[in-house]
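Which chain is which? The protein sequence lines are A and B, in order. So the first sequence is numbered by the working numbering: it starts at 3 and just counts up by one. So the second sequence is numbered by the working numbering: it starts at 461 and just counts up by one. No residue lacks a Cβ here, since even glycine has one placed at the ideal position from N, Cα and C. No experiment lies behind these values; they were computed from the predicted model shown. Let me begin by presenting the structure, written as structure tokens, before commenting on it.
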Amino acid sequence: MAANFWTSSHYKQLLEQEDVDVLHPLDKDKGITLEDFKLIKMHMANYICKLAQCIKVRQRVVATAVAYMRRVYTRKSMTEYDPRLVAPTCLYLASKAEESTVQARLLVFYLRKLCADEKYRYDEKYRYEIKDILEMEMKILEALNYYLVVFHPYRALSQLLQDAALNDINMTQLTCRGLVNDTYKMDLILVHPPHLIALACIYIASVLREKDTTAWFEELHVDMNAVKNISMEILDFYENHRMITDDRVIAALSKLNLKA
Amino acid sequence: MGDGNATNNRGLSSNNKPEWLQQYDLIGKIGEGTYGLVFLARIKSPTANRGKSIAIKKFKQSKDGDGVSPTAIREIMLLREISHENVVKLVNVHINHTDMSLYLAFDYAEHDLYEIIRHHRDKVSHGISQYTVKSLLWQLLNGLNYLHSNWIIHRDLKPSNILVMGEGDEQGVVKIGDFGLARIYQAPLKPLSDNGVVVTIWYRAPELLLGAKHYTSAVDMWAVGCIFAELLTLKPLFQGVEVKGTPNPFQLDQLDKIFKVLGHPTSEKWPTLVYLPHWQQDAQHIQGHKYENTGLYNTVHLSPKTPAYDLLSRMLEYDPRKRITASQALEHEYFRIDPLPGRNALVCQTGEKVNYPTRPVDTSTDFEGTTSLQPPQTVSSGNAVSGTMPGAHGGTMRSVPRQMAVGGMQRMQPQGMPAYNITSQAGMGGGMNPSGIPMQRGVPAQAHQQQLRRKDPGMGTNVYPPQQKSRRL
């Protein structure tokens, strides 16, 4: 259903982490490891975010685009569906689905602009033409099996923060702008219901800000184990994130360029 | 669409048809609009659904080189999530990668309210039976209640979008069609008006005509009221002449038509009226006029004491906040008195039945539309063709009315049907809204009309010129 998460295609298609962490045989053949796979997806989520900042579309569009991109790679190989084309195309498709349509020529203009900007180290492989985007749009629609509605933690988050009386600027900025946005660097949106992701972010934020939310969480009657597990995943991610360098991402992506 | 059907055409067969297309026998073209073309096809053997009729909507590639049209995206997005007996069923999506066209395959509905009303008005001497009117209305409300419970506003309800199934298991079942303008109204990022929407004005709610920025599901209920009256009288209730031009021109004539029947709205009855832009800006036009309240009951020939009249007048309530909702309407007394509404709206226990003609099919057109003789500008005019096609094309038309199977009628018990509780469904299953915080339902919007689907030559004198038909499935 379009508005009820529990009857939505999103809910019905939630995956187990094991099913998300599957390398496509074609990618395996190129020597891509599971770590590379995750790294590339994270890098592409960041890329979508940078593009979106240039084009000036809202965070929800970015979030939907990243979710599309991650869904595509549960079914398709990076070898056949080059992430450097899939990422901008997902943003393009998400902009239509989220009622903020971006023109393809504008998107392509910013693709070129980002390529030209040396500080980002996006090479020529990131350059695509309008025709490429439009062709890939159709392939992505197919790969998504035409399921386009994606629920995000943002709506639940603002309601939950308000309910917990934590909706001061400090908490809102930390949880919303910071933590929830960062969850899209992981595959959480494919695995967990969005409101649990929101709760995990509130949980982490309340610990960081030393707010006592124990009583409030108890009253919620949600699966606190799930919330704590998601929180742990997020914290693990931050821990590992320090070790990620541009060079590692570039090395992972360069495997894609190899002829099999 | 996840059913294992090949949805691509990378392997072209010897006869040069995409693989997916080979599962269908194309019968011909049944409609046309700004979005593209609609075809009738039958499923070939050996599938279980052999011979089943399918309506295939082909979306044109947008001219501006911007890929799949946002309208198609919205329609797919919504239809992929929803499932209800009274909502049209999307059975498949196909992509033709070579020409980048997109096809939506629906269960085919032989009839629609536009054709049913027209048939009674022009071909048979009597009105639509009470049973049929009530059954059509109940099912329409049932489908709409489902949509509204799921935060979807249709926004373009009109007789040609209300489909009715022909012979088969679902004979006489209503299907709400055409979701190209439908929206999830929880939190769109942009006002609906930014999409340059196209809606016929005859079914447009007064708050939109007066420039309201906030759409609510009440706009659909106004349209249902107009459709209800049209089923009763066979004439559009408020047939205003549309003002064209600027994105959202003020439709004075349409309001005039409404006021003539319902009387002038007042701020006592409709407190937020004074905040509506056109009520203030065009005060001398609107408020200066004095309207004799001719009385809705005179127009629709109903006694004010009847439940039918009571229901209709609640649908045509000026104040959108007081207007009856779909779920309330389903509980109305009108549906509890004889004749009770049934699942097959087209048959009736009195034996009184009408053989509605089948949809005209232009068999001279193929999926590419290549044999169409129409110049492109006619195609893009947004006018439907079904009315005008035969002459223009000289194509073979299948128009012999089919004998309708009688029997197998199932009765619905209105009180037995689950009434959706909107408030309980509004929260996302409890977990998403643990404190029951009311969610915002209205969205900022304006009914901008940039294009017209329905042309209105000779309006005013001519009820329903045939070329007005907008065939949208």
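| message | Among B/Ile687, B/Val703, B/Leu617, B/Asn758, whose alpha-carbon lies nearest the alpha-carbon of aspartate 716 of chain B? | response | Along the second sequence, read from residue 1 onward, the residue named residue 716 of chain B stands at position 256. When only C-alpha atoms are compared, the closest one is B/Val703.
| Residues that glutamate 139 of chain A contacts on chain B, provided the C-beta gap is smaller than 8 Å | If you number the first sequence from 1, residue 139 of chain A lands on position 137. Contact annotation for glutamate 139 of chain A against chain B: Gly527, Val528 [CB-CB distance below 8 Å, chain order].
| query | Does the pairing of the segment 497-508 of chain B with the segment 816-829 of chain B give three or more beta-carbon distances under 8 Å? | reply | Output reads yes: the segment 816-829 of chain B touches the segment 497-508 of chain B.
| task | To the nearest angstrom, report how far apart lysine 257 of chain A and arginine 250 of chain A are at their CA atoms. | result | Mapped onto the first sequence, residue 257 of chain A falls at position 255. Mapped onto the first sequence, residue 250 of chain A falls at position 248. Taking the straight line joining both Cα atoms gives about 11 Å.
| field | Counted within 10 angstroms of its Cβ, other Cβ atoms place asparagine 259 of chain A as buried (16 or more) or exposed | value | One-based indexing of the first sequence puts residue 259 of chain A at position 257. Exposed is the call here.
| task | Buried or exposed for tyrosine 591 of chain B, please, with buried defined as at least 16 other CB atoms from any protein chain shown within 10 angstroms of its CB. | result | Position 131 of the second sequence, counted from the first residue, corresponds to residue 591 of chain B. Here tyrosine 591 of chain B is buried: its Cβ has 16 or more other Cβ atoms, across all protein chains shown, within 10 Å.
| query | Secondary structure at arginine 819 of chain B, three-state DSSP: helix, strand or coil? | reply | In the second sequence, residue 819 of chain B corresponds to position 359, counting from 1. The answer is coil: DSSP assigns arginine 819 of chain B none of H, G, I, E or B.
| task | Specify the secondary structure class of valine 734 of chain B as computed by DSSP and reduced to three states. | result | If you number the second sequence from 1, residue 734 of chain B lands on position 274. Three-state DSSP puts valine 734 of chain B in a helix.
| message | At the 8 Å Cβ level, is asparagine 610 of chain B part of the contact set with chain A, yes or no? | response | The residue given as residue 610 of chain B occupies position 150 in the second sequence. By this cut-off, asparagine 610 of chain B is an interface position.
| For the beta strand (DSSP E) that lysine 518 of chain B lies in, which residues bound it at each end? | Walking along the second sequence from the start, residue 518 of chain B turns up at place 58. The continuous beta strand (DSSP E) containing lysine 518 of chain B extends over residues 513-519.
| Whole-number beta carbon distance between alanine 158 of chain A and threonine 215 of chain A, since they are thought to touch under 8 Å | Residue numbering aside, residue 215 of chain A sits at position 213 when the first sequence is read from its first letter. Residue numbering aside, residue 158 of chain A sits at position 156 when the first sequence is read from its first letter. Actually they are not in contact, since the Cβ atoms of threonine 215 of chain A and alanine 158 of chain A sit about 15 Å apart, beyond 8 Å.
| said: Give me the chain A residues within the contact set of serine 553 of chain B, using Cβ-Cβ distance strictly less than 7 Å, ordered along the chain. | reply: Working through the second sequence from its first residue, we reach residue 553 of chain B at position 93. Sequence check: residue 553 of chain B is valine here, not serine. Those are Tyr148, listed as they occur along chain A.
| request: Count the other C-beta atoms from every protein chain shown that fall within 10 angstroms of the C-beta of serine 208 of chain A, then say buried if there are 16 or more, exposed otherwise. | output: Here the question's residue 208 of chain A lines up with position 206 in the first sequence. So serine 208 of chain A ends up on the buried side.
| Using the beta-carbon count (16 or more within 10 Å), is serine 543 of chain B buried or exposed? | One-based indexing of the second sequence puts residue 543 of chain B at position 83. The C-beta of serine 543 of chain B has fewer than 16 other C-beta atoms within 10 Å across all chains shown, which makes the residue exposed.
| field | Interface partners of threonine 174 of chain A on chain B, CB under 9 Å | value | Within the first sequence, the letter at position 172 stands for residue 174 of chain A. Chain B residues near threonine 174 of chain A: none, gap ~16 Å exceeds 9 Å.
| request: Anything in chain B within Cβ reach of glutamine 55 of chain A, meaning under 9 Å, just list it in chain order. | output: Here residue 55 of chain A refers to the residue found at position 53 when the first sequence is read from its first residue. From the beta-carbon of glutamine 55 of chain A, no residue of chain B is found nearer than 9 Å; the closest lies around 16 Å away.
| query | Buried or exposed: which applies to aspartate 189 of chain A, given that a residue is buried once 16 or more other Cβ atoms fall within 10 Å of its Cβ? | reply | By 1-based counting over the first sequence, the position of residue 189 of chain A is 187. By the Cβ-count criterion, aspartate 189 of chain A is buried, with 16 or more other Cβ atoms from all chains shown falling within 10 Å of its own Cβ.
| field | chain B contact residues for leucine 143 of chain A, given Cβ-Cβ distances below 9 Å | value | As a first step, residue 143 of chain A must be located in the first sequence, where it is residue number 141. In chain order: Val528, Ile533, Ile536, Val553, Ile555, Leu562.
| query | Are the C-beta atoms of arginine 540 of chain B and some chain A residue less than 8 Å apart? | reply | Indexing the second sequence from 1 puts residue 540 of chain B at position 80. Residue contact check for arginine 540 of chain B against chain A: a CB pair falls below 8 Å.
| Should methionine 864 of chain B be flagged as near chain A, meaning a C-beta pair shorter than 8 Å? | The residue labelled residue 864 of chain B in the question sits at position 404 within the second sequence. Residue placement at methionine 864 of chain B is poorly supported in this model, since its pLDDT is 32, which falls under 50; the coordinates still yield a value, given next. Methionine 864 of chain B does not count as touching chain A.
| request: Can you give me the Cβ contacts of leucine 691 of chain B inside the same chain, cut-off strictly under 6 Å, excluding the 5 residues immediately before and after it? | output: Stepping through the second sequence from its first residue, residue 691 of chain B is reached at position 231. Excluding sequence neighbours, leucine 691 of chain B sits near Ile588, Val593.
| request: Report the option in A/Ile204, A/Cys51, A/Arg72 whose CA atom is closest to the CA atom of glutamate 164 of chain A. | output: Numbered from its first residue, the first sequence carries residue 164 of chain A at position 162. Checking the sequence shown, residue 164 of chain A turns out to be glutamine, not glutamate. Distances from the alpha-carbon of glutamine 164 of chain A to those of A/Ile204, A/Cys51, A/Arg72 put A/Ile204 closest.
| Contacts around methionine 173 of chain A, its chain only, beta-carbon distance under 7 Å, and the 5 residues preceding and following it disregarded | Your numbering for residue 173 of chain A matches position 171 in the first sequence. Leu163, Ala207, Arg211, listed in sequence order.
| Under 7 Å by beta carbon: chain B residues contacting alanine 207 of chain A | The residue labelled residue 207 of chain A in the question sits at position 205 within the first sequence. Correct list: empty, because the minimum Cβ distance to chain B is about 17 Å.
| query | Which residues does DSSP pair with tyrosine 495 of chain B in a beta bridge? | reply | On the second sequence, residue 495 of chain B is found 35 positions in, with the first residue counted as 1. Beta bridge pairing from DSSP links tyrosine 495 of chain B with no other residue.
| task | Would you mind working out which of B/Leu607, B/Leu617, B/Gln482 sits nearest alanine 683 of chain B, comparing C-alpha positions? | result | Counting from 1 along the second sequence, the entry for residue 683 of chain B is found at position 223. For alanine 683 of chain B, the nearest C-alpha among the options comes from B/Leu617.
| Helix, strand or coil for alanine 501 of chain B per DSSP? | Residue mapping note: residue 501 of chain B aligns to position 41 of the second sequence, counting from 1. The DSSP-derived three-state label of alanine 501 of chain B is strand.
| DSSP three-state call for isoleucine 232 of chain A: helix, strand or coil? | As a working note, residue 232 of chain A is residue 230 in the first sequence. For isoleucine 232 of chain A, the three-state secondary structure derived from DSSP is helix.
| field | Identity of the residues DSSP links to histidine 554 of chain B by a beta bridge | value | Within the second sequence, residue 554 of chain B is the residue found at index 94, counting from 1. Paired residue(s): B/Tyr563.
| query | Looking at the C-beta of lysine 58 of chain A, does it have a partner C-beta in chain B at a distance below 8 Å? | reply | Working through the first sequence from its first residue, we reach residue 58 of chain A at position 56. No, its Cβ sits nowhere closer than 8 Å to a Cβ of chain B.
| Quick one, which of A/Leu255, A/Asp23, A/Ala67 has its alpha-carbon nearest glutamate 100 of chain A's? | Numbered from 1 along the first sequence, position 98 holds the residue referred to as residue 100 of chain A. Nearest of A/Leu255, A/Asp23, A/Ala67 to glutamate 100 of chain A, Cα basis: A/Ala67.
| message | I'd like the list of long-range same chain contacts for valine 679 of chain B, defined as Cβ closer than 7 Å, with 5 residues on each side in sequence excluded. | response | In the second sequence, the residue the question calls residue 679 of chain B occupies position 219. Cβ neighbours of valine 679 of chain B beyond the five flanking positions: Ile613, Arg615, Ala665, Leu668.
| request: Please state whether DSSP places lysine 30 of chain A in a helix, a strand or coil. | output: Looking up residue 30 of chain A in the first sequence gives position 28. Lysine 30 of chain A carries a helical assignment under DSSP once its states are collapsed to helix, strand and coil.
| message | Can you tell me whether histidine 45 of chain A is helix, strand or coil according to DSSP? | response | Within the first sequence, the letter at position 43 stands for residue 45 of chain A. Secondary structure of histidine 45 of chain A (DSSP, three-state): helix.
| query | Is the segment 501-513 of chain B close to the segment 523-543 of chain B, with three or more CB pairs under 8 Å? | reply | Touching, no.
| said: Tell me the DSSP secondary structure of glycine 700 of chain B in three-state form. | reply: Within the second sequence, the letter at position 240 stands for residue 700 of chain B. Coil, per DSSP.
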